[in-house]
Amino acid sequence: DAMVIQNPRYQVTQFGKPVTLSCSQTLNHNVMYWYQQKSSQAPKLLFHYYDKDFNNEADTPDNFQSRRPNTSFCFLDIRSPGLGDAAMYLCATSRDKGPYEQYFGPGTRLTVT
Amino acid sequence: QQQVKQSPQSLIVQKGGISIINCAYENTAFDYFPWYQQFPGKGPALLIAIRPDVSEKKEGRFTISFNKSAKQFSLHIMDSQPGDSATYFCAASMTNQGGKLIFGQGTELSVKP
Numbered sequence: 384d385a386m387v388i389q390n391p392r393y394q395v396t397q398f399g400k401p402v403t404l405s406c407s408q409t410l411n412h413n414v415m416y417w418y419q420q421k422s423s424q425a426p427k428l429l430f431h432y433y434d435k436d437f438n439n440e441a442d443t444p445d446n447f448q449s450r451r452p453n454t455s456f457c458f459l460d461i462r463s464p465g466l467g468d469a470a471m472y473l474c475a476t477s478r479d480k481g482p483y484e485q486y487f488g489p490g491t492r493l494t495v496t
Numbered sequence: 161q162q163q164v165k166q167s168p169q170s171l172i173v174q175k176g177g178i179s180i181i182n183c184a185y186e187n188t189a190f191d192y193f194p195w196y197q198q199f200p201g202k203g204p205a206l207l208i209a210i211r212p213d214v215s216e217k218k219e220g221r222f223t224i225s226f227n228k229s230a231k232q233f234s235l236h237i238m239d240s241q242p243g244d245s246a247t248y249f250c251a252a253s254m255t256n257q258g259g260k261l262i263f264g265q266g267t268e269l270s271v272k273p
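In order, the protein sequences belong to chains A and B. This note's numbering numbers the first residue of the first sequence as 384 and each following residue consecutively. This note's numbering numbers the first residue of the second sequence as 161 and each following residue consecutively.
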């Protein structure tokens, strides 16, 4: 089945220790998104890639970076995680820019100790 | 102007009843209004979506009602079932912003047997 896959599903990291979350998709979609979702809140867009074109949200901290080495993969790097970065991180894809369905992965639950 | 306001925050409905969740927006440039369903520990999944040239869209037990002049839209779940218990997010996007989703705050629905 075509889908959005996130690894790992659960990640524990120490305060200040860099961590990388990964997302892959078999949908061959042009757009990939990274969202942060804290408990009982709506997903908050961090950034997205349209093909190789990176688009950062204005309020995304510099601590968060992303890489998209090819169409299928996208990575979220948190350079120095703080306790406030503990959250569910969701990857989503969309066929193209515009009013198209976004397909979400199952998320990675990040815990910062 | 970019906000989408959702209510209620939580909703308890008896099995077989109608669940109604409301959303309001300000920016008339929004041109796509999806509803996402999210179960605990899972990523959101598209439930149903509407564009502003249509006043109502129905898919099975789920109906979106859209009032363009009032800048409001709502989700109706007919014959609500315990399996519908989840968090529901309305969202809005505009084509000229690359399909970026602006989410409402979410409604936690509980359907009692």
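Quick reminder that beta carbons are idealized off the backbone N, C-alpha and C, glycines included. A quick note: this is a predicted structure, and the numbers were derived from the prediction, not measured.
Cβ-based burial, Ile-282/B [other Cβ within 10 Å; buried from 16]: The requested residue 282/B does not occur in the structure, where chain B is confined to residues 161 to 273.
For the putative contact between Val-395/A and Thr-491/A, defined by C-beta atoms under 8 angstroms, what is the C-beta separation to the nearest angstrom? Here residue 395/A is taken as the residue at index 12 of the first sequence, counted from 1. Here residue 491/A is taken as the residue at index 108 of the first sequence, counted from 1. Contact doesn't hold; Cβ gap of about 11 angstroms is too wide.
Can you tell me whether Asn-256/B is helix, strand or coil according to DSSP? Numbered from its first residue, the second sequence carries residue 256/B at position 96. DSSP places Asn-256/B in helix when its eight states are reduced to three.
Quick one, which of Ser-234/B, Gly-220/B and Thr-188/B has its alpha-carbon nearest Trp-195/B's? Taking the second sequence and counting its residues from 1, the one referred to as residue 195/B is at position 35. Of the listed residues, the one whose Cα sits closest to Trp-195/B is Ser-234/B.
Close Cβ partners of Ser-215/B (< 6 angstroms) along its chain, the five nearest in sequence each way excluded: Counting from one through the second sequence, the residue named residue 215/B turns up at place 55. Excluding positions up to five away in sequence, the list reads Phe-226.
Along chain A, in chain order, which residues have C-beta atoms closer than 7 angstroms to that of Leu-171/B? For the purposes of this step, residue 171/B is identified with residue 11 of the second sequence, where counting begins at 1. The premise fails here: Leu-171/B is roughly 14 angstroms from chain A at the closest Cβ pair, so nothing lies under 7 angstroms.
For a quick check, are the C-beta atoms of Gly-258/B and Tyr-483/A less than 8 angstroms apart? In the second sequence, the residue the question calls residue 258/B occupies position 98. In the first sequence, the residue the question calls residue 483/A occupies position 100. Against a cut-off of 8 angstroms, the Cβ pair of Tyr-483/A and Gly-258/B comes out as no contact.
Could you name each continuous beta strand (DSSP E) segment of 3 residues or more that falls completely within the segment 415-475 of chain A, going from the start of the chain to the end? 427-433, 436-439, 447-450 and 456-461
Out of Thr-247/B, Asn-256/B, Thr-255/B and Arg-221/B, which one is the CA nearest neighbour of Ile-172/B? Within the second sequence, the letter at position 12 stands for residue 172/B. The candidate whose alpha carbon is nearest that of Ile-172/B is Thr-247/B.
Cβ pair count under 8 angstroms reaching 3, the segment 394-414 of chain A against the segment 458-472 of chain A: yes
C-beta contact flag for Tyr-432/A and Arg-451/A at 8 angstroms: Indexing the first sequence from 1 puts residue 432/A at position 49. Indexing the first sequence from 1 puts residue 451/A at position 68. Yes, they are a contact pair.
Please report the distance separating the alpha-carbon of Gly-264/B from that of Cys-183/B. Taking the first residue of the second sequence as 1, we reach residue 264/B at position 104. Taking the first residue of the second sequence as 1, we reach residue 183/B at position 23. C-alpha separation (whole angstroms): 7 angstroms.
Could you tell me whether the Cβ of Lys-260/B comes closer than 8 angstroms to any Cβ of chain A? Counted from its first residue, the second sequence places residue 260/B at position 100. Output row for Lys-260/B: interface = yes.
Check the Cβ of Thr-255/B against every Cβ in chain A and list those closer than 8 angstroms, keeping chain order. Position 95 of the second sequence holds residue 255/B. Lys-480, Gly-481 and Pro-482, listed in chain order.
I'd like to confirm the pairing. Which residues does DSSP put opposite Leu-206/B in its beta bridges? In the second sequence, the residue the question calls residue 206/B occupies position 46. Answer is Tyr-196/B.
May I ask you to list, following chain order, the residues of the segment 421-448 of chain A that have a beta carbon less than 9 angstroms from some beta carbon of chain B? Ser-423, Gln-424, Ala-425, Pro-426, Lys-427, Leu-428, His-431, Tyr-433, Asn-438 and Glu-440
According to DSSP, what are the bridge partners of Tyr-483/A? Along the first sequence, read from residue 1 onward, the residue named residue 483/A stands at position 100. In the DSSP output, where bridge partners are listed per residue, Tyr-483/A has none listed.
Which value, in whole angstroms, describes the spacing of the CA atoms of Ala-252/B and Phe-190/B? Indexing the second sequence from 1 puts residue 252/B at position 92. Indexing the second sequence from 1 puts residue 190/B at position 30. Straight-line Cα distance between these residues: approximately 6 angstroms.
DSSP has Thr-494/A in a bridge; who is on the other side? Numbered from 1 along the first sequence, position 111 holds the residue referred to as residue 494/A. According to DSSP, which records beta bridges pairwise, Thr-494/A is partnered with Val-395/A.
Taking a contact to mean a Cβ-Cβ separation below 8 angstroms, would you say Val-387/A touches Gln-408/A in this structure? Residue 387/A sits at position 4 when you count from the first residue of the first sequence. Residue 408/A sits at position 25 when you count from the first residue of the first sequence. Yes, the Cβ-Cβ distance between Val-387/A and Gln-408/A is below 8 angstroms.
Run through the DSSP bridge pairs and tell me what Glu-219/B is partnered with. Reading the second sequence from its first residue, position 59 is the one you call residue 219/B. Phe-222/B, per the DSSP bridge assignment.
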